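Q: This is the structure I have questions about; it appears just below.
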């Protein structure tokens with residue numbers, strides 16, 4: 282057995298012990314986690330930095346955040362209510378892979394309504410407009426979705 286195989290064996294032993302202590306070892310989640318990490322380890326030759334980078338992509342996918350840069354050519358025409366009480370609708374160019382990216386019809390600029398997230402003391406992240414905290418940021422294409430997270434005292 283070579284050094285790489287020993288490292289993999291030790292890594293999987295650690296993973297299985299942690300899953301056992303948390304009682305996930307008896308679930309499909311636990312089995313899938315071991316398989317996923319074993320494949321990730323093999324793909325990266327056990328490089329933890331690369332493993333984390335690839336795993337971050339999985340986290341993004343879970344949160345419906347694109348892992349490939351958005352392109353201006355991908356924007357599609359959609360309609361939105363103006364909320365003027367008359368049922369008026371306006372045309373907005375939105376990105377189909379990330380609905381928070383759009384072209385503002387009033388100034389012709391591109392924005393991400395979730396460009397900045399605000400993290401509370403309890404770890405929750407919120408987006409939007411709350412006094413001085415505004416999530417909307419102007420963007421340029423190609424655009425990689427990487428929200429900036431700011432700690433707030435709420």
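In this note's numbering, the protein residues as written are 282 to 435.
All C-beta atoms in this analysis are idealised placements derived from N, C-alpha and C, irrespective of residue type, glycine included.
On a predicted model such as this, the values are computed, not experimentally measured, just so you know.
1. Using 8 Å as the threshold, is the C-beta distance between residue 397 and residue 386 below it?
2. Specify, as a first and last residue, the run of the alpha helix (DSSP H) that residue 330 falls within.
3. Compare the C-alpha of residue 401 against each of 383, 434, 378 and 328 and name the closest.
4. Closer than 8 Å by C-beta to residue 431: which residues in its own chain qualify, once you throw out the five before and the five after it? Chain order, please.
5. Please give the ranges of any beta strand (DSSP E) in the segment 353-406, keeping only runs that are unbroken, at least 3 residues long and fully inside the region.
6. Quick check on the DSSP output: the alpha helix (DSSP H) that includes residue 315 runs from which residue to which?
7. Express the C-alpha separation of residue 419 and residue 378 in angstroms, rounding to a whole number.
8. Quick check on residue 346: does DSSP put it in helix, strand or coil?
A: Let me spell this out:
1. no
2. 329-343
3. 434
4. 397, 398, 399, 400 and 414
5. 357-362, 370-375, 382-384, 391-393 and 397-400
6. 309-325
7. 18 Å
8. coil
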